[in-house]
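Novice: In terms of this note's numbering, the sequence shown is residues 14 to 899.
We put the CB at the ideal spot given by N, CA and C, even for glycine.
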Amino acid sequence: MKEVDVRYWLDSLKDVSYEMDDVLDEWSTEILKLHIQKQEAGNAKKTFGREVEKDILVKKLLSESGQARPNFLVIPIVGMGGIGKTTLAQLAYNDERVQAHFDNRIWVCVSDPFDEIKIAKAIIDVLKMGTNIQASNELQTLLEIIVECVKGKKFLLVLDDVWNDEYRKWEPFKLALQNGAVGSSILVTTRKEDVAMMMGASADTINLKELSDENCWKLFCHIALVDREISEYRTFEVIGKEIVKKCKGLPLVAKTLGGLMRHKKTRKEWEDVLKSKTWELDVVEKQVFQPLLLSYYDLASTDKCCLLYCVIFPKGYVIEKDNLIELWMSQNYLNLIGNKEKEEVGETHFDNLVTRSFFQEFEKDDLGYITRCKMHDVVHDFLQFLTKNECFVLEGEGGNKRIMEFNGENKARHLTLMFAPEGAFPSSLYSCKNLRTLATFDSNISTFGRELISQLKCLRTLNLSFNSIKEVPNEVGELAHLRYFDLSYNEDLMKLPDSVCNLMNLQTLRLIWCRTLERLPEGIGKLINLQHLYVMGCFRLKLPKVIARLTSLRTLDQVRILEVDNKKEVLFGLSDLRNLDQLRGSFRIEFLENLKDARQAEKAHLVNKNCLVSLELRFFFGGTDEIPLVASQEETLNALQPPPNLESFSLYHYSGTTLRPHWMTSLNKLRILTLGYFDYVEVLPPLGRLESLEVLEIQDWPSLKKVGVEFLGIETQTSSPIILFPNLKKLVFEFLPMWEEWEGMTGWSEEEDSQKTITIMPCLSSLQIGYCGLLKTLPNFLRNTPLKELVIGFGCRILAQGCQKGRGGSEWPKISHIPNIKVWIGPSGEFVQKDGVWIGQQQTDDDETLSVASTSSSSGVNLGHKSTLNSNMKMKTRTPRLNSSS
14 MKEVDVRYWL DSLKDVSYEM DDVLDEWSTE ILKLHIQKQE AGNAKKTFGR EVEKDILVKK
74 LLSESGQARP NFLVIPIVGM GGIGKTTLAQ LAYNDERVQA HFDNRIWVCV SDPFDEIKIA
134 KAIIDVLKMG TNIQASNELQ TLLEIIVECV KGKKFLLVLD DVWNDEYRKW EPFKLALQNG
194 AVGSSILVTT RKEDVAMMMG ASADTINLKE LSDENCWKLF CHIALVDREI SEYRTFEVIG
254 KEIVKKCKGL PLVAKTLGGL MRHKKTRKEW EDVLKSKTWE LDVVEKQVFQ PLLLSYYDLA
314 STDKCCLLYC VIFPKGYVIE KDNLIELWMS QNYLNLIGNK EKEEVGETHF DNLVTRSFFQ
374 EFEKDDLGYI TRCKMHDVVH DFLQFLTKNE CFVLEGEGGN KRIMEFNGEN KARHLTLMFA
434 PEGAFPSSLY SCKNLRTLAT FDSNISTFGR ELISQLKCLR TLNLSFNSIK EVPNEVGELA
494 HLRYFDLSYN EDLMKLPDSV CNLMNLQTLR LIWCRTLERL PEGIGKLINL QHLYVMGCFR
554 LKLPKVIARL TSLRTLDQVR ILEVDNKKEV LFGLSDLRNL DQLRGSFRIE FLENLKDARQ
614 AEKAHLVNKN CLVSLELRFF FGGTDEIPLV ASQEETLNAL QPPPNLESFS LYHYSGTTLR
674 PHWMTSLNKL RILTLGYFDY VEVLPPLGRL ESLEVLEIQD WPSLKKVGVE FLGIETQTSS
734 PIILFPNLKK LVFEFLPMWE EWEGMTGWSE EEDSQKTITI MPCLSSLQIG YCGLLKTLPN
794 FLRNTPLKEL VIGFGCRILA QGCQKGRGGS EWPKISHIPN IKVWIGPSGE FVQKDGVWIG
854 QQQTDDDETL SVASTSSSSG VNLGHKSTLN SNMKMKTRTP RLNSSS
């Protein structure tokens with residue numbers, strides 16, 4: 014049988030399978046309606062064999078000699094897919110010398126097609142954070158902003174994965190960027206030599222070659238043989254090195270094969286891979302696709318489905334893990350395993366794909382959990398190869414972004430629409446009657462027509478985020494199979510039709526940043542399968558009380574306690590949370606000052622929501638001298654007892670005079686605590702006994718004058734050994750304008766035996782203090798901490814003077830053991846002590862030089878040059894007080 018016949022037969026089998034699934038889904042939906050009428054890992058980060066190339070690249074980036082206008086150097090990195098171009102660029106981009114050399118560093122993933130507007134906006138997003146440029150789609154306007162942003166600045170711009178070699182598209186950026194300071198650089202990664210030639214940078218091109226077998230073996234072992242015994246290493250070494258020869262020097266292949274082999278426990282399994290017939294397949298991109306096929310075929314069937322679905326994302330797209338799992342749920346890929354919920358099953362499949370190296374460039378939250386990732390463009394090409402008869406991408410082309418027509422409409426199951434212009438969907442979609450997924454990216458759709466909906470009755474996933482939709486037609490309620498509906502960032506959308514409540518299978522509804530959305534349909538309580546409701550940034554939205562019926566909700570990211578203008582309005586209140594005990598992940602409650610009765614807070618039963626990981630409480634306004642209001646906030650906070658397993662807690666704009674809720678010191682799983690904008694609290698709570706606390710941030714307490722020993726959690730002297738803040742790694746104090754004293758162990762026995770009984774902050778690695786102008790001294794126990802970094806930020810002039818070696822620096826003995834110290838003198842300068850040597854100097858406001866000395870035994874270092882500031886090193890600026898519209 015020929016390959017084409019096999020593919021045709023498999024495609025036909027898939028068609029039948031899809032149709033059967035649709036019929037079964039319709040039956041289950043009808044049963045559900047009747048029921049309602051009667052009564053829901055880690056991946057390898059280490060690199061091998063690129064030290065020489067990295068050194069060459071860094072030297073080029075740091076070199077300024079002989080540069081003429083334009084003031085920037087273009088350095089292309091050229092090589093085949095999977096050879097490590099992006100990895101090399103990242104190594105240089107994150108090098109400490111490079112970070113210190115440039116005023117701004119910008120990373121833009123370009124991919125194909127080359128979209129000038131998107132690239133310009135990405136550059137501005139970094140250069141001019143906070144500027145509202147989303148509304149502008151005029152390239153010339155954006156380029157003018159870039160001209161102003163780079164003027165006189167030394168910048169590093171990385172353009173990753175460039176394919177387009179048309180000079181006319183590159184020239185406008187070249188002209189806009191030439192006003193940067195001498196020494197600026199543009200780093201380009203590309204598979205095409207023509208791109209390097211087009212940019213006129215052939216002399217500085219780095220042609221990346223394959224890794225040696227030795228380095229491939231090291232990379233392979235780093236993944237495949239992790240946590241193995243030395244005897245296993247010897248067992249698999251000979252076969253493993255034969256497998257590594259199949260890598261042909263490509264790091265991506267070595268990582269992929271390493272991810273495959275880490276799951277193979279016997280010698281026979283390793284031999285089977287070495288002798289696999291897959292190596293004999295004649296497929297496109299054979300050198301890369303063969304090992305990817307091996308790893309793909311070794312996946313469980315559900316893992317395969319989950320992986321293939323990732324092809325709906327554009328190349329270079331940052332994938333949100335939770336969103337991806339919800340998408341898998343919408344396609345019914347996740348089957349319950351034991352007592353695990355589908356979200357937990359999804360986590361398992363995600364981790365499986367991570368260990369096989371199908372994902373990369375992971376981003377983690379403050380708790381260390383993976384939240385986002387990317388997929389290598391070669392892996393994306395591979396998935397397109399496997400799904401070419403099911404998944405299609407329609408891209409805008411030409412100056413007017415006309416949408417391409419395509420063939421194979423009846424076979425299309427998943428369709429991604431990119432760069433669609435303002436207006437309606439393209440006519441070619443009307444024949445895609447079997448679509449299960451319709452997703453738009455970088456588009457500007459404004460009309461979602463009734464006629465189109467009538468043709469897309471099989472849809473399970475509909476992503477219309479980041480468009481210009483103002484109205485959703487009633488006919489959307491006819492999409493009986495729909496499980497995932499994303500309307501986020503349609504900022505002019507004011508309401509949803511009542512027919513949304515007919516979507517009995519809906520599991521996920523995303524409405525993030527629909528700023529003008531005012532209401533949800535009253536019948537939304539009928540959506541008993543709804544598990545994820547996202548409303549963050551919906552500033553006008555009034556949640557209806559019927560949300561309380563959705564007891565299957567796993568996600569409700571935000572609740573706002575609003576005052577009722579109309580007595581007939583029945584809104585969702587804090588007490589309505591009492592039965593939503595399945596909530597998980599992150600949860601925020603805002604406008605708690607509007608709560609009139611603390612008993613409503615107690616009825617919320619937050620303590621029962623054991624799956625919550627992060628909780629944020631905000632009181633906003635209400636900071637007055639009215640005693641009844643202050644008292645009510647203290648009572649409210651005391652009643653809002655979090656669940657015992659909570660890992661992150663934040664509290665903002667609290668107007669009580671004391672902060673000692675009965676539950677505060679019992680959160681033994683708490684790892685991150687942020688307390689900000691407390692106008693009247695004068696004493697920190699006793700937090701030293703929080704055994705899991707790793708990060709503590711105290712921000713904007715204008716009444717705090719003293720941090721005493723009560724903060725440590727000890728009130729009487731003891732002879733029993735105790736450890737205070739046993740796991741604290743990072744401590745931040747910011748914007749404490751009246752803070753004068755940080756008490757150490759003064760007043761306690763200084764005898765040696767007594768000192769041995771108390772250990773304070775034995776894991777502390779980073780201390781940051783900013784805008785604490787009256788603080789003079791640091792506590793004496795700091796000298797016994799393993800601090801690796803001390804940052805004394807803006808507005809700490811007295812403390813900064815005291816931290817100098819010599820010249821009366823009283824605090825120096827307490828901090829002399831710290832290898833990295835940064836002291837900021839003003840808006841434009843710092844001096845830094847690193848690894849025992851002071852490497853900078855600045856003028857003070859009164860022009861007196863703050864000279865500093867080496868911490869080693871050699872003579873002092875007095876450098877006269879101005880230290881280059883790195884925006885990534887600056888302490889964060891003061892956040893403006895929030896109001897009801899933000």
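#1: Whose CA, out of 573, 595, 71, lies closest to the CA of residue 621?
#2: From residue 757 to residue 598, what does the alpha carbon distance come to, in whole angstroms?
#3: Could you pull the start and end residues of the beta strand (DSSP E) that residue 770 belongs to?
#4: Count the CB pairs spanning the segment 395–409 and the segment 307–325 that are closer than 8 Å, and state whether there are at least three.
#5: From the DSSP output, in three-state form, read off residue 476 for me.
#6: Looking only at DSSP bridge pairs, what is residue 454 linked to?
#7: List the residues that DSSP assigns as beta-bridge partners of residue 122.
#8: Would you list the residues sitting across from residue 754 in a DSSP beta bridge?
#9: Does the segment 467–474 come close enough to the segment 492–505 to have 3 or more Cβ pairs within less than 8 Å?
#10: When the Cα of residue 683 is compared with those of 439, 390, 702, which residue comes out closest?
#11: Rounding to the nearest angstrom, what Cα-Cα distance links residue 219 and residue 291 in this structure?
#12: What residues match up with residue 202 in a beta bridge as DSSP calls it?
#13: Where does residue 671 sit, in a helix, a strand or coil, going by DSSP?
#14: Whose C-alpha, out of 497, 501, 510, is nearest the C-alpha of residue 486?
#15: Alpha carbon to alpha carbon, how far is residue 585 from residue 394? Give it in angstroms, no decimals.
#16: Return the Cβ separation of residue 389 and residue 319 in integer angstroms, given the expectation that the two are a contact with Cβ distance under 8 Å.
#17: Using the Cα positions of residue 606 and residue 105, report the straight-line distance between them to the nearest angstrom.
#18: Classify residue 744 as helix, strand or coil using the three-state DSSP reduction.
#19: Among the residues of its own chain, which have a CB less than 8 Å from the CB of residue 225, if the five just before and after it don't count?
#20: Using the C-alpha atoms, what's the distance from residue 561 back to residue 615?
#21: Where does residue 151 sit, in a helix, a strand or coil, going by DSSP?
#22: Leaving out the 5 sequence neighbours to the left and right, which residues in its chain are closer than 8 Å to residue 379 when beta-carbon positions are compared?
#23: With 16 other CB atoms within 10 Å as the buried threshold, where does residue 239 fall?
#24: Is the CB-CB distance between residue 724 and residue 774 below 9 Å?
#25: I think residue 449 touches residue 344, with their Cβ atoms under 8 Å apart; what is that distance to the nearest whole Å?
#26: Using DSSP's beta-bridge definition, name the partner residues of residue 630.
#27: For the segment 191–210 and the segment 157–165, state whether three or more C-beta atom pairs, one from each stretch, are separated by less than 8 Å.
#28: Among 124, 554, 519, which residue has its Cα nearest to the Cα of residue 506?
#29: Going along the chain, which residues of its own chain have a beta-carbon closer than 6 Å to the beta-carbon of residue 804, five neighbours each way excluded?
#30: So, using beta-carbon positions, are residue 735 and residue 770 closer together than 9 Å?
#31: Is residue 393 helix, strand or coil when you go by DSSP?
#32: Let me make sure I understand the geometry here. Which of 790, 666, 655, 674 has the alpha-carbon closest to that of residue 721?
#33: Which residues bound the alpha helix (DSSP H) around residue 233?
#34: The beta strand (DSSP E) spanning residue 497 covers which residue range?
#35: Does the segment 181–190 touch the segment 66–75, meaning 3 or more C-beta pairs lie closer than 8 Å?
#36: Taking just the CA atoms, how far does residue 629 sit from residue 130?
Specialist: In short:
#1: It is 595.
#2: The alpha-carbon of residue 757 is positioned some 37 Å away from that of residue 598.
#3: Note, residue 770: premise wrong, no beta strand (DSSP E); not H, not E.
#4: Proximity of the segment 395–409 to the segment 307–325 meets the contact definition, three or more beta-carbon pairs being nearer than 8 Å.
#5: When DSSP states are grouped into helix, strand and coil, residue 476 belongs to the strand group.
#6: In DSSP, residue 454 forms a bridge with 431.
#7: In the DSSP assignment, residue 122 is bridged to 173.
#8: Answer is 719.
#9: Short answer: they touch.
#10: The shortest C-alpha separation from residue 683 is found at 702.
#11: Residue 219 and residue 291 have their C-alpha atoms roughly 33 Å apart.
#12: DSSP, once it has assigned bridges, lists 90 as partnering residue 202.
#13: Under the three-state reduction of DSSP output, residue 671 falls in the coil class, being neither helix nor strand.
#14: When only C-alpha atoms are compared, the closest one is 510.
#15: If you take the alpha carbons of residue 394 and residue 585, they lie about 47 Å apart.
#16: Actually they are not in contact, since the Cβ atoms of residue 389 and residue 319 sit about 17 Å apart, beyond 8 Å.
#17: Looking at the backbone, the Cα of residue 606 and that of residue 105 are separated by about 49 Å.
#18: Three-state result, residue 744: strand.
#19: Excluding positions up to five away in sequence, the list reads 62, 262.
#20: Near 16 Å, if we compare the C-alpha coordinates of residue 561 and residue 615.
#21: It is coil, neither helix nor strand.
#22: Counting only Cβ-Cβ distances below 8 Å, and skipping sequence neighbours, we find 661, 685, 708.
#23: Residue 239 should be labelled exposed.
#24: Result no, Cβ atoms of residue 724 and residue 774 do not sit closer than 9 Å.
#25: Their Cβ separation, rounded to whole angstroms, is 7 Å, which keeps residue 449 and residue 344 in contact under 8 Å.
#26: Answer by DSSP bridge pairing, in chain order: 602, 664.
#27: Counting Cβ pairs under 8 Å, three or more are found: they touch.
#28: The candidate whose alpha carbon is nearest that of residue 506 is 554.
#29: Short of 6 Å from the beta carbon of residue 804, and not among the five residues preceding or following it, lie these beta carbons of its own chain, in chain order: 781, 835.
#30: At a Cβ-Cβ threshold of 9 Å, residue 735 and residue 770 count as neighbours.
#31: Correct three-state label for residue 393: helix.
#32: Answer by Cα proximity: 790.
#33: First-last of the alpha helix (DSSP H) with residue 233: 226–237.
#34: That run of the beta strand (DSSP E) goes 497–499.
#35: No, they do not touch.
#36: Cα to Cα, the separation comes out at about 36 Å.
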